[in-house]
Amino acid sequence: MKKAKMLFTVLLVLVLLPVSLSAAGAQEREEVVELTVWFGREDFMPDQGFDEFHERYPNIRVNADVIPLEQALTEAARAIASGVGPDMLQTDSRRLPPLVEGGLLREMDEYIDRWQKEDPDSFNALSSSAWDHATHDGVLYGANIFSGPFNHVWRIDWLEDLGVDPPETWEEMLDVARAVRDAGMGQGYAVRGPNSTPWFFSHYMAMGGEFEDNIIQLDSDAGIYVLSFYQTLVREGLVSDDVLGWGSGDMRAAFITGRAAMAPIGTNIFPNIEAEMPYGEKWGASPPLVREGYEDDYKYASLGWPMVVTSNTEHPYEASLVLRYLAEHDNALSVARRYQPTTVTTVWEDPGYLAEQPWSDDFSEDLLNMTRTPATIHITQVDNIVLDALGEVMSDVNKDPAEVAARYQQQLNALE
Amino acid sequence: MMNSTTAMWRKKIIPYVMVLPTSFLVFGVLGYAIIVALKDSFFRYPPLAFNDPGTFVGFDNYIRLFQNAHFQNSIVITFIFVFGTVIVGLIISFILALSLYSLSEKARFFRTLTLVPYLISGVAAAVMWRFLFTGEVGFVNLFIETMGGSSVRWLSDGRNALFVVTLANIWKIFPMSTLLILAGLQVIDTDLYDASTVDGANSVQIFYHITLPLLGSYLSTSLIWLTFASFNMFAIIYPLTGGGPTRSTEVMAVFMYDLAFGELNFATASAVMIILLILNLSFSLLFVKLFRNRT
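Protein chains in written order, with this note's numbering: chain A, 1163 to 1578; chain B, -13 to 281.
Here it is as structure tokens:
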């Protein structure tokens, strides 16, 4: 009898143990939260990936993928409409309005507030650009860990040879460019053709340009001035004869390979310049110049690539933990060292970072005062109109910029 | 009797059975896309609202399109681009096909070599052409300057840029057309040439009265290929010039891409696609009719 009881007990244990273990396992599996995160470039991913995150949060699994920034908008819209969209995606902040208006993003103010309460140190380390670029109509949709401006770069050795000081205003810049041209040293300035707007907007904002309802005012004083500026560059031969066909690569190459004295170049390209010539000896950099008499209207334009949370997610808090992870010093540093500047201010003081990127110290104060390039739901239409206007003044140097600005402003105003 | 009837039916039916899988594939994939695009071209949708049923607007998208100055410009550019490609591409293909036909069997390697441009991806080809023609540092300008000439603004001048993209397009798509014509040359019975030579015909007469008529269907297929590939060409133009400078190389395919993926206006982009489809079909029918009569 005893033996039978024992046998029954053993059998019972043998039967129940796997059942209970599998039930426990199933429960554990059920508790694992999976998050799909789309990065806009592989370069934006931290060096260590999400290994440490997975160790810290064993119940959250991050599946990271790379969907190019240029495709993120349409890819996300299609995927979310089909119910298989990502939980988070990275976008160019200029594409934020269409994403919001398309109902593709989730409001995150509540979870950003929790971040501030639960982890004030990492929250307070972020500059205002972290939030500016992730906001639309006063609502936060994520956080912007990386933000890059266009700067003014110049050849120190060329200017010394000419006996001129680095320009501080656009008017001085044109004079220096004329001197470079006259001395036969090369092109005074390198700029890209009428095929992309961010550089143009950077010039416009530095020259004191304003936006109404986030739409550029071409017929404003600054609008006419910036069109005249580009026209002057072409008319006076201060830029390449081929400027109309130039992309960003041509423009950067002209400066890096010693064919142009000055150029507007993003901070992410500085390491490439540094590889060719030492900063502070052969080349210098500063935020874009000011326009004489309009110093108070100056704005240091920046682009941002915020990580935003989609309406597809069922785990907004876990998504906010991913944001916090990406904003951690070491993770932001790993990206900033090889790609774009970060909004994590502690990185700006990191000794290793400062040693590798000697210009960083010169920019840290300015980086606190960057202004997001305004965005609208009609971003492509606005860009096309601006580029048509720019193309017209650059291809016909006798056109009246004021007349061109007025004509294209009508098209901008007519956007529904 | 029974066997011969069965054999006759088999002979009639089997070809149709054989083309069924391809037909399903073509009508299933392309047909669906065309039907959806046709439907979408009569509707208007809010941006990015893929599940929105949209609003029926009739021909409004088409009317707006034809009133759009940039679309009008893209039509003109497209026709210059397509006709430039077709005329020059056909001449080059014909000459090359005749040359390849004259080669001995040992020189078959050159037939394979002809295919190389077609096998290179459009984007890679565009990058290569950009290196060749880029302003001051492009190979072509360096060559011109070495020979004592002045450099040319290839990609920053509207007309030159259109010339370069047309040239790049010809380079990319002519191999297929060459092979089609070569295939046509190879099926012509050589006895016809011998007989006409005996009758005293010279080489020009042989070409016009034997070669050309017998190549009719191959020439029409070749023309259809050149036309269709050019109307739809995007992969070369976008990376090479992006449609610029100042829209001087913005063909309809590039305009359509910008509408769809830039402005997120898929409905109007669908209307452009339908117009492209109609143009392609019209030219295809024209070529088939033209060369059927000729043959």
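Glycine is no exception: its CB is placed at the ideal position from the N, C-alpha and C atoms. Here the structure is a predicted model, which is why all the values come from computation and not from measurement.
- Relative to B/Thr254, the option among B/Met242, B/Leu263 and B/Gly248 whose CA is nearest is B/Met242.
- Counting other Cβ atoms within 10 Å of its Cβ, B/Leu267 stays below 16 and is therefore classed as exposed.
- B/Ser60 is a Cβ neighbour of B/Glu236, given a cutoff of 9 Å.
- Under the three-pair Cβ rule at 8 Å, the stretch 1430 to 1449 of chain A counts as touching the stretch 1516 to 1528 of chain A.
- A straight line joining the alpha-carbon of A/Ser1289 with that of B/Met219 spans about 46 Å.
- Within the DSSP secondary-structure output, A/Pro1503 pairs in no beta bridge.
- The C-alpha of A/Ser1557 is placed about 8 Å away from the C-alpha of A/Gln1393.
- The residues Gly1310 and Pro1503, in chain order, have a CB closer than 6 Å to that of A/Thr1429 in the same chain once the five nearest residues on each side in sequence are set aside.
- Separation of the CB atoms of A/Ser1255 and A/Pro1468 is rounded to 6 Å, and the pair is thereby assigned contact status at 8 Å.
- Here A/Ile1377 carries a strand assignment [DSSP, helix/strand/coil].
- Separation of B/Ala169 and B/Leu271 (C-alpha to C-alpha, rounded to the nearest whole angstrom) is 22 Å.
- Within chain A, no C-beta atom comes less than 8 Å from the C-beta of B/Glu91; the nearest is roughly 46 Å away.
- Closest in alpha carbon position to A/Gly1371, among A/Asp1459, A/Leu1321 and A/Val1548, is A/Asp1459.
- For B/Arg139, the nearest beta carbon of chain A is closer than 9 Å to its own beta carbon.
- Counting only the Cα atoms, B/Val123 lies some 12 Å from B/Thr132.
- Membership of A/Trp1200 in the beta strand (DSSP E) is indicated by the continuous run Val1195 to Phe1201.
- Taking CB atoms only, A/Thr1236 has a neighbour in chain B less than 9 Å away.
- Between B/Ala147 and chain A, the shortest Cβ-Cβ separation is below 9 Å.
- Per DSSP, A/Asp1294 lies in no beta strand (DSSP E) segment; the continuous alpha helix (DSSP H) that holds it begins and ends at Ser1291 to Asp1294.
- DSSP places B/Ile174 in the coil class of the three-state scheme, outside both helix and strand.
- Taking one beta carbon from each stretch, the stretch 1430 to 1444 of chain A and the stretch 1212 to 1222 of chain A have fewer than 3 pairs nearer than 8 Å; the two do not touch.
- Excluding sequence positions up to five before and after A/Arg1500, its CB lies within less than 7 Å of the CB of Asp1205, all in the same chain and listed in chain order.
- For B/Asn47, the closest Cβ of chain A is not nearer than 9 Å.
- Along the stretch 1231 to 1291 of chain A, the alpha helix (DSSP H) occurs as fully enclosed runs of 4 or more residues at 1231 to 1243, 1258 to 1263, 1271 to 1280 and 1282 to 1286, listed in sequence order.
- Among the CB atoms of chain B, none fall inside 9 Å of the CB of A/Glu1330.
- Taking 9 Å as the CB threshold, B/Phe57 stays off the interface with chain A.
- Listed in chain order, the alpha helix (DSSP H) elements of length 4 or more contained wholly in the stretch 219 to 270 of chain B are 223 to 226 and 238 to 243.
- For B/Pro39 and B/Tyr31, the gap between their C-alpha atoms comes out near 8 Å.
- Contact between A/Tyr1387 and A/Arg1453 holds, with the beta-carbon distance rounding to 7 Å and staying under 8 Å.
- For the stretch 91 to 125 of chain B, the continuous alpha helix (DSSP H) assignments of 4+ residues that do not extend past its boundaries occur at 95 to 100, 102 to 105 and 108 to 119, in sequence order.
- Separation of A/Phe1373 and B/Phe69 (C-alpha to C-alpha, rounded to the nearest whole angstrom) is 44 Å.
- Considering only A/Val1559, A/Leu1380, A/Lys1279 and A/Ala1425, the residue with the shortest C-alpha distance to A/Pro1329 is A/Ala1425.
- According to the DSSP assignment, A/Trp1316 belongs to no alpha helix (DSSP H) but to the beta strand (DSSP E) extending over Ser1309 to Arg1317.
- Under the three-state reduction of DSSP, A/Ser1448 is assigned to strand.
- Residues of chain B whose Cβ lies closer than 7 Å to the Cβ of A/Thr1359 do not exist; the shortest such Cβ separation is about 12 Å.
- Nearest to A/Glu1490 by alpha-carbon distance, out of A/Gly1264, A/Phe1201, A/Gly1355 and A/Asn1286, is A/Asn1286.
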